[in-house]
Amino acid sequence: MGTVSLVLVSHSRQLAEGVRELAAQMTQGRVKIAVAGGTADGRLGTDATAILGAIEEVRGPEGVLVLVDLGSAVLSTQMAIEQLPVGDGRVLLSNAPFVEGA
18 MGTVSLVLVS HSRQLAEGVR ELAAQMTQGR VKIAVAGGTA DGRLGTDATA ILGAIEEVRG
78 PEGVLVLVDL GSAVLSTQMA IEQLPVGDGR VLLSNAPFVE GA
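Under my numbering, think of the first position of the sequence shown as 18, with each following residue one higher.
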């Protein structure tokens, strides 16, 4: 049996990478974790295309759980999920706290 993968969506690339580092240590590398943080030009914000890419990077039969930091990250993630092709594992948007949820 496989493991659900994680996607961490944050307005800050550094915050997303930090949470990934923490979660990777806690799971001892047994969970695939991708991040989508900040904008393409390095500013604070979210990007639905980057989120879609992160989901596709780790998506598998066991599914993906997406954790977000702030309100507009929810909207960007919902846009990304709507663009996914049907199949290969469910993708769920969690309402868990960003750091604690990971």
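Even for Gly, the Cβ is constructed at its ideal location relative to N, Cα and C.
### Message
For the structure I just gave you, are there three or more beta carbon pairs, one from the segment 88-105 and one from the segment 39-46, closer than 8 Å?
### Response
With the rule of 3 Cβ pairs closer than 8 Å, the segment 88-105 does not count as touching the segment 39-46.
### Counted within 10 angstroms of its Cβ, other Cβ atoms place T56 as buried (16 or more) or exposed
Translated into the one-based positions of the sequence shown, residue 56 becomes position 39. Classification of T56: exposed, given that the 10 Å Cβ count is below 16.
### Message
Quick check on the DSSP output: what are the complete beta strand (DSSP E) runs of length 3 or more inside the segment 55-104, in order along the chain?
### Response
Correct list: 81-85.
### For L84 and V26, believed in contact at Cβ under 8 Å, the rounded distance
Sequence index remark: in the sequence shown, residue 26 carries index 9 (1-based). Sequence index remark: in the sequence shown, residue 84 carries index 67 (1-based). At roughly 7 Å, the Cβ-Cβ gap stays under 8 Å, so V26 and L84 are in contact.
### Message
With distance defined between alpha-carbon atoms, name the residue in S89, G62, L39 nearest to L23.
### Response
Within the sequence shown, the letter at position 6 stands for residue 23. When only C-alpha atoms are compared, the closest one is L39.
### Task
Could you work out which residue in G54, L92, Q42 is closest to E34 when comparing CA atoms only?
Stepping through the sequence shown from its first residue, residue 34 is reached at position 17. Comparing Cα positions, the closest option is G54.
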